[in-house]
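Below you'll find the structure, written out as structure tokens, and then a few comments.
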Amino acid sequence: MAVLKPQDEHYTTAQDICTHLGDEYAQFMGAIVPPIFQNSLFVKPTPKNGVPDSGFVYSRVSNPTMDIAERKIAALEGAEAAAVFSSGMGAISAAIMHFVKKDCHIVAPHTIYGPTRTFITKYLAEKFGVTHTFVHGVDPEEFRKAIRPETTLIYLESPSSLTLYMQDIEEVAKIAKEHGIGTVIDNTYATPLHQNPYKHGVDLICHTASKYMGGHSDIIAGVVAGSKENIEQIAANERELMGACMDPHQAWLLIRGLRTMPVRVKAHGESGMKVAKWLEQHPCVKQVFYPGLDSHPQKELVDKYLKGKTNGLLAFTFDGTAAQATEFVYSLKMFQFGVSWGGFESLCVMPTVGMSEEEAASLDIPTNLIRLHVGLEDVDTLIADLEQAFEASKKITE
Ligand SMILES: *Cc1c(COP(=O)(O)O)cnc(C)c1O
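Each residue of the sequence shown is one higher than the one before, starting from 0 at the first, in numbering that gives the first Met the number 0.
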């Protein structure tokens, strides 16, 4: 884990933090890019070996390349410290474990990321007797009502990554504090550029860095940011003992991704907005889910929390049969059929393919929901691709 250093205060805007925080030329022989410290251990100083005490011991615990990534993200979130992990789930499960104990109770909105949901409802439930209540979460009072004497954690994800559904995070954090309950949020959709929940009172901010932070679809990575005290404990317990630490090369790729994150997210957002508006007026589209549109059902929360309302991730409901929706998805040529998002490439996924209607309903996934990630390709090419796929879907008549 790394705590912000005094010299990091020099960088006050997200762009400057992304571009330069951690570039310590004097320390790295003038290299314009800090090196990858691709080593497992650090020689300890002895009275005779002349090795300076760098504070680094072993790369599962800390490493100078990881350190730079951690300070960049802590600074972006306005937090005191951060710890990087080998994946987003490594970060999320560590943050959750920090606040749970045997037989405790967790409250969360029902729209959280699938594997996080499974971690809470199956893994923690079956192994440690952890119980949970899922709330719709539009009204913060729903969280208050769900609290039990044994509740130790309120887990949030806002906006969620399918229907871009939000919570009033400041109000929920207040309720949690009144009850001495910990709070964790998955802030991946917003990125630290558009929302900083630590400043709204949330204890631990999780991201998968496999999406916009990495940005090139070439790493799986994660991070937790928060107070020095919480992050120190997570690094010493969940990370050091369970071992989901980041690899130095992965950390270096993450730093490279962060350098261009502000320009990439802006470009994704401009194209995403064009696609969202185009879809909204299209006869084959029932509803578009996107914070950039005035039609977002929680516009007040969008205005209250999101400094930037657009990126490349949006979803819509297809107005037609399931067979037509599936034909649309398979007919796309520029949008590859695959999970994930946040990379340079356009992607498309239909989460209910292979799911029973009951399962889709239990997860509150609207019928014929299609999620698009609008990549960095020419937006007119992407719109033409969507149009030809809509035309192809009309040929399915059964
Ligand atoms: C992808 C994703 C994760 C998981 O991240 P990994 O790096 O794949 O472990 C968690 N939350 C959200 C919202 C995601 O989109």
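Cβ coordinates follow ideal geometry from the N, Cα and C atoms, glycine included.
Practice item. Compare the beta carbon distance of I95 and G21 with 7 Å and say whether it is the shorter of the two. Key: No. Outside cutoff.
Check your understanding: For R147 versus I174, is the C-beta distance shorter than 7 Å?
Key -> The criterion of a C-beta distance shorter than 7 Å is not satisfied by R147 and I174.
Review point. For V301 versus T190, is the C-beta distance shorter than 7 Å?
Key: The criterion of a C-beta distance shorter than 7 Å is not satisfied by V301 and T190.
Check your understanding: With distances taken between CB atoms, is the gap from L331 to A388 smaller than 7 Å?
Key -> At a Cβ-Cβ threshold of 7 Å, L331 and A388 count as neighbours.
Review point. Across which residues does DSSP place L152 in a beta bridge pair?
Key: In the DSSP output, where bridge partners are listed per residue, L152 has I105, G181.
**Study point:** Local Cβ density within 10 Å of A314, reported as buried at 16 or more and exposed below that
**Key:** Flag for A314 reads buried.
Check your understanding: Is G307 closer than 7 Å to G87 when the C-beta atoms are compared?
Key -> No. Outside cutoff.
Point to revise | Residues near Q286 in its chain [Cβ-Cβ closer than 7 Å; skip 5 each side] | key: Within the same chain, Q286 has close Cβ partners F315, T316.
Point to revise | Every unbroken alpha helix (DSSP H) within the stretch 201-287, with a cutoff of 4 residues, ordered by chain | key: 227-233, 247-279, all fully within the stretch 201-287.
Review point. Tell me which same chain residues have a C-beta within less than 7 Å of the C-beta of K101, skipping the five on either side of it?
Key: Cβ neighbours of K101 beyond the five flanking positions: F127, G128.
Check your understanding: Within 6 Å: the Cβ of Y289 and any heavy atom of ligand 1?
Key -> No, Cβ of Y289 sits at least 6 Å from all heavy atoms of ligand 1.
**Study point:** Contact test: T207 Cβ vs ligand 1 heavy atom, cutoff 6 Å
**Key:** For ligand 1, at least one heavy atom lies less than 6 Å from the Cβ of T207.
Exercise for review: Give the straight-line distance between the Cα atoms of T117 and E141, rounded to the nearest whole angstrom.
Suggested key: Here the alpha carbons of E141 and T117 stand approximately 22 Å from one another.
Exercise for review: Have a look at T45, Q232, K303, D379 and flag the residue whose alpha-carbon is nearest the alpha-carbon of M333.
Suggested key: With distances taken between Cα atoms, M333 lies closest to D379.
Exercise for review: Check whether the Cβ atoms of A172 and T187 lie closer than 7 Å to each other.
Suggested key: Against a cut-off of 7 Å, the Cβ pair of T187 and A172 comes out as no contact.
Review point. Hey, C17 and R258 are a contact pair by Cβ (cut 8 Å); roughly how many whole angstroms apart?
Key: The Cβ separation is near 6 Å, so the contact holds.
Exercise for review: Return the chain-ordered ranges of every alpha helix (DSSP H) run that is complete within the stretch 36-96 and spans a minimum of 4 residues.
Suggested key: You should have 63-76.
Point to revise | Backbone CA spacing between Y164 and L155 [nearest angstrom] | key: Computed Cα separation, rounded: 11 Å.
**Study point:** F343 (DSSP reduced to helix, strand or coil)
**Key:** Of the three classes helix, strand and coil, the one that applies to F343 here is coil, per DSSP.
Point to revise | Rounded C-alpha distance that separates F451 from E269 | key: One cannot answer for residue 451 here, as it falls past the ends of the chain, which runs 0 to 397.
Exercise for review: Confirm, please, whether the CB-CB distance from G311 to H267 is below 7 Å.
Suggested key: Their beta carbons are under 7 Å apart, which means H267 touches G311 by this criterion.
Review point. What's the C-alpha gap between T130 and C205?
Key: Approximately 22 Å, taken between the alpha carbons.
Check your understanding: Do you know how far the Cα of A359 is from the Cα of A391?
Key -> Rounded to whole angstroms, A391 to A359 spans 25 Å at the Cα level.
Check your understanding: Can you tell me the Cα-Cα spacing of H97 and R70, whole angstroms?
Key -> Answer to the nearest angstrom: the Cα atoms are 21 Å apart.
Review point. Hey, out of S53, L385, L161, whose CA is closest to P290's CA?
Key: The shortest C-alpha to C-alpha distance from P290 to any of S53, L385, L161 is the one to L161.
Check your understanding: Q166: buried (16+ other C-beta within 10 angstroms of its C-beta) or exposed?
Key -> The Cβ neighbour count for Q166, taken over all protein chains shown within 10 Å, is at least 16; the residue is labelled buried.
Review point. When every heavy atom of ligand 1 is checked, does at least one fall within less than 6 Å of the C-beta of D185?
Key: Within the cutoff, so yes.
Check your understanding: Comparing the CB of F254 with every heavy atom of ligand 1, is any distance shorter than 6 Å?
Key -> A small fix is needed here, since residue 254 is Ile in this sequence, not Phe. No, ligand 1 has no heavy atom inside 6 Å of this Cβ.
Exercise for review: Evaluate I105 with the Cβ neighbour count: other Cβ atoms within 10 Å of its Cβ, from every protein chain shown; 16 or more gives buried, anything less gives exposed.
Suggested key: Around the beta carbon of I105, 16 or more other beta carbons lie within 10 angstroms, which makes this residue buried.
**Study point:** Any non-hydrogen atom of ligand 1 closer than 6 Å to M212 Cβ
**Key:** Result no, Cβ not under 6 Å from ligand 1.
Check your understanding: Helix, strand or coil for V2 per DSSP?
Key -> Correct three-state label for V2: strand.
Point to revise | Integer-rounded CB distance, given that V274 should sit under 8 Å from L381 | key: The C-beta distance from L381 to V274 rounds to 6 Å, short enough to meet the 8 Å contact threshold.
Review point. If you count every other CB in all the chains shown that lies within 10 Å of the CB of I31, and 16 or more means buried, which is it?
Key: In this structure I31 is exposed. Its beta-carbon is surrounded by fewer than 16 other beta-carbon atoms within 10 angstroms.
**Study point:** When A80, H109, I91 are compared against I184, the one with the closest alpha-carbon
**Key:** From the listed residues A80, H109, I91, the smallest Cα separation to I184 is found for I91.
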